[in-house]
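The structure appears right after this line, and notes come after that.
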Amino acid sequence: MMTLDDLRLPILDQLTVPVFYNVSDEQVPYTVNDLLAPFDLDDFGIEGCEINSLLYPLKTSSQVHLLPSIELLQEHWTPFDDSLEEGTAVHFVIIDRFLFQFFLDRAAQFHNTIHLGGHPGQRFSHQTRLEVHLMPSTESIEMISRIHGECCRLRTEVVGLRSQIQRTEQRLGSLIETLGVAFPHLAADLGLTLQMSDLEPTPGGV
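The numbering used here applies: residue 10 is where the sequence shown begins, and numbers increase by one.
Shown next as structure tokens:
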């Protein structure tokens, strides 16, 4: 009989954080990097550019909630200095489970909502969304394996195509020579006669 001790909650692998902010002509636009400030990653021991090796930032349409396929991540990559925009969503892809848990804990402290340049009771003119994803390393390994397999398949296919091209060239050459013998008046058009340029000595030749 199953007991409560046997039950296991699913491991959370995504965090959704609404982001509210204002935009004005006098104000420097908020950027993707500004979304890191509320999490205070210095407490996790991350300094400066170290974040680039632990977190991969993306920007997609606001209609995209889930993590895009691994092979499509590079297409959605966005720099940290890219401005926030309505109608889009920012995604932070994290592989390190401890860092992901750190994001979960910090987000809970500000009630899973970010207010840039203001407080919760203030009216904001713009809204976007931050999605923080935990991408298990096993998925990365599986994707790399699939890509490697596809590369091997394409390499084999290219070798086969090169062999076919070489055989086609040989057959075409034999066919042209046969035509030149059967129709001597076509020899020049088929490139089977010597041209003056062919008789010119090569540089350094005798």
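We put the CB at the ideal spot given by N, CA and C, even for glycine.
With DSSP collapsed to three states, give me the class of residue i.
| i | result |
| --- | --- |
| Phe109 | helix |
| Gln23 | strand |
| Thr122 | coil |
| Ser71 | coil |
| Leu64 | strand |
| Ser92 | strand |
| Val41 | helix |
| Val28 | strand |
| Pro193 | helix |
Are the CB atoms of residue i and residue j nearer to each other than 8 Å?
| i | j | result |
| --- | --- | --- |
| His128 | Val102 | no |
| Thr137 | Thr97 | yes |
| Val107 | Tyr30 | The sequence given here has Phe at residue 107, not Val. No, Cβ-Cβ distance for Phe107 and Tyr30 is not below 8 Å. |
| Thr87 | Val28 | no |
| Val32 | His124 | no |
Give me the residue from the options with the minimum Cα distance to residue i.
| i | options | result |
| --- | --- | --- |
| Gln83 | Thr122, Val167 and Lys68 | Lys68 |
| Phe112 | Asp49, Val28, Thr177 and Val190 | Asp49 |
| Leu44 | Glu59, Pro66 and Leu75 | Pro66 |
| Gly182 | Pro193, Arg171, Cys58 and Gly200 | Gly200 |
| Asp22 | Leu75, Ser71, Glu59 and Ala191 | Leu75 |
| Glu95 | Thr177, Ile60, His120 and Ser71 | Ser71 |
Alpha carbon to alpha carbon, what distance is there between residue j and residue i?
| i | j | result |
| --- | --- | --- |
| Val167 | Val26 | 47 Å |
| Glu35 | Asp90 | 18 Å |
| Gly126 | Ile153 | 41 Å |
| Pro193 | Thr187 | 10 Å |
| Pro47 | His85 | 23 Å |
| Pro145 | Arg155 | 16 Å |
| Glu59 | Arg171 | 45 Å |
| Ile174 | Leu24 | 53 Å |
Mind checking which residues open and close the beta strand (DSSP E) that includes residue i?
| i | result |
| --- | --- |
| Glu140 | His135 to Leu143 |
| His85 | It is not in any beta strand (DSSP E) - His85 instead sits in the alpha helix (DSSP H) that spans Leu82 to His85. |
| Thr97 | Thr97 to Ile103 |
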